[in-house]
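In the numbering used here, the protein residues as written are 88 to 467. By construction, the Cβ of each residue, glycine as well, lies at the ideal position given by its N, Cα and C atoms.
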Ligand SMILES: *Cc1c(COP(=O)(O)O)cnc(C)c1O
């Protein structure tokens with residue numbers, strides 16, 4: 088740590104700054120203004136003078152996140168999809184993209200759409216097949232997009248190995264680290280070029296803000312272009328949302344650690360349950376990605392796990408309807424536990440198993456969660 092630099096927990100708890108320089112406020116003032124006056128020399132007072140280009144609450148949030156990720160700069164967007172699709176805009180016409188077969192389905196569907204329009208060439212690799220990621224990258228590959236752990240099987244991709252393979256062919260590595268928040272993994276320090284977050288999830292943590300983030304290892308021409316595109320498309324995170332997200336971010340470390348501890352306890356409890364075919368969680372010794380996860384997730388394996396319910400589509404769906412303490416809802420990374428039957432959500436063409444229930448474990452008392460899952464299983 089450099090002189091005067093503090094630990095990441097402290098950076099987060101202070102929201103980047105202990106007090107507001109102008110007023111001494113411990114909570115940053117909300118600057119809702121869409122426009123900022125010029126000074127007596129007719130110069131802009133701030134870096135930007137119109138909210139579509141940026142605003143003070145957004146900048147404070149971006150500076151805080153960049154420090155947590157040890158990146159050069161962060162940019163926040165109106166949603167995760169706005170952030171990823173802006174990065175995809177910078178792919179040269181006709182260039183090659185590599186991404187996993189199973190991943191967040193919105194991102195996969197967007198990449199497929201770009202492929203069908205002839206905008207990109209796309210190779211989807213099998214994350215379960217060793218070497219398939221490396222074999223999919225060619226000299227014409229512009230971007231390698233990975234997600235780890237992978238939604239909703241929680242397979243783990245080795246970020247350092249992916250970076251090496253991408254860079255050997257001159258490609259960029261972007262990592263969707265929504266589930267491995269900066270508490271446990273810092274992809275830029277492992278060689279990634281860009282980190283992506285659906286900040287809607289762990290970074291905010293309270294299921295009340297929609298936001299996305301990109302963080303870059305270095306400022307370069309492509310990063311400049313991403314900033315310009317965000318301004319032109321009008322997709323920066325709005326001031327109120329940035330202010331609220333910064334509040335959520337202050338408790339990131341305690342929330343993430345508590346959710347990880349609860350998830351590990353649930354995974355261990357149900358691993359050999361007669362109504363459960365398998366528990367998918369990278370924190371379990373039985374998980375195929377456990378060795379890489381141990382190296383790469385140094386402070387918790389997240390609150391995300393999947394239960395394969397014995398039976399099939401109907402049993403898994405019925406299980407979700409029997410839960411009482413756990414809420415049957417989509418999304419993840421909040422303080423409350425949510426469960427979701429992914430096949431119902433993703434549709435019949437999804438490669439996700441019929442009997443998979445994704446659980447976003449929150450920070451409740453874990454005994455209550457275990458008891459609820461037990462009673463729901465007893466009814467299927
Ligand atoms: C939710 C999510 C996204 C999309 O983000 P939004 O904020 O919903 O637009 C992308 N990747 C992962 C892993 C997600 O969970």
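TODO: With hydrogens ignored, establish whether the beta-carbon of residue 376 is closer than 7 Å to any heavy atom of ligand 1.
DONE: Within the chain shown, residue 376 is the residue found at index 289, counting from 1. No, the Cβ of residue 376 stays beyond 7 Å of every heavy atom of ligand 1.
Open item on the list: Is any non-hydrogen atom of ligand 1 found closer than 7 Å to the C-beta of residue 231, if you look at the structure I gave you?
Closed with: In the chain shown, counting from the first residue as 1, residue 231 sits at position 144. Not so, every heavy atom of ligand 1 lies at least 7 Å from the Cβ.
Open item on the list: I need the straight-line Cα distance from residue 306 to residue 461, nearest angstrom please.
Closed with: Your numbering for residue 306 matches position 219 in the chain shown. Your numbering for residue 461 matches position 374 in the chain shown. Computed Cα separation, rounded: 50 Å.
Task: residue 432 burial status per 10 Å Cβ neighbour count (16 or more: buried) - done: Counting from 1 along the chain shown, the entry for residue 432 is found at position 345. The residue in question, residue 432, is exposed, as its Cβ has fewer than 16 Cβ neighbours within 10 Å.
Task: Identity of the residue in 430, 411, 384 nearest residue 246 by Cα - done: Mapped onto the chain shown, residue 246 falls at position 159. Per the Cα distances, 384.
TODO: Report the option in 234, 327, 407 whose CA atom is closest to the CA atom of residue 444.
DONE: Locating residue 444 in the chain shown gives position 357, where the first residue counts as 1. The shortest Cα separation from residue 444 among 234, 327, 407 belongs to 407.
Open item on the list: Cutting at 7 Å between CB atoms, please list the residues of its own chain near residue 226, excluding the five before and the five after it.
Closed with: For the purposes of this step, residue 226 is identified with residue 139 of the chain shown, where counting begins at 1. Closer than 7 Å at Cβ, skipping near neighbours: 256.
Task: ligand 1 heavy atom lying under 7 Å from the CB of residue 343 - done: Along the chain shown, one-based indexing puts residue 343 at 256. No, ligand 1 has no heavy atom inside 7 Å of this Cβ.
TODO: Tell me whether the beta-carbon of residue 260 lies closer than 8 Å to the beta-carbon of residue 302.
DONE: If you number the chain shown from 1, residue 260 lands on position 173. If you number the chain shown from 1, residue 302 lands on position 215. Not closer than 8 Å, so no.
Task: Span separating the alpha-carbon of residue 135 from that of residue 148 - done: Position 48 of the chain shown, counted from the first residue, corresponds to residue 135. Position 61 of the chain shown, counted from the first residue, corresponds to residue 148. Straight-line Cα distance between these residues: approximately 16 Å.
Open item on the list: So if DSSP puts residue 396 in a beta bridge, which residue, or which two residues, is it bridged to?
Closed with: Mapped onto the chain shown, residue 396 falls at position 309. Answer by DSSP bridge pairing, in chain order: 363.
Open item on the list: Once DSSP output is grouped into helix, strand and coil, what is the label at residue 313?
Closed with: The residue labelled residue 313 in the question sits at position 226 within the chain shown. In the structure shown, residue 313 sits in a helix (DSSP, three-state: H, G or I).
Task: Touching by the beta-carbon criterion (3+ pairs, under 8 Å), the segment 349–364 and the segment 318–335 - done: no
Task: Buried or exposed (CB count within 10 angstroms, at least 16 for buried), residue 458 - done: Taking the first residue of the chain shown as 1, we reach residue 458 at position 371. It counts as exposed.
- [ ] Can you grab the Cα-Cα spacing for the pair residue 375 / residue 395, in whole Å?
- [x] For the purposes of this step, residue 375 is identified with residue 288 of the chain shown, where counting begins at 1. For the purposes of this step, residue 395 is identified with residue 308 of the chain shown, where counting begins at 1. Each residue's alpha carbon lies about 16 Å from the other.
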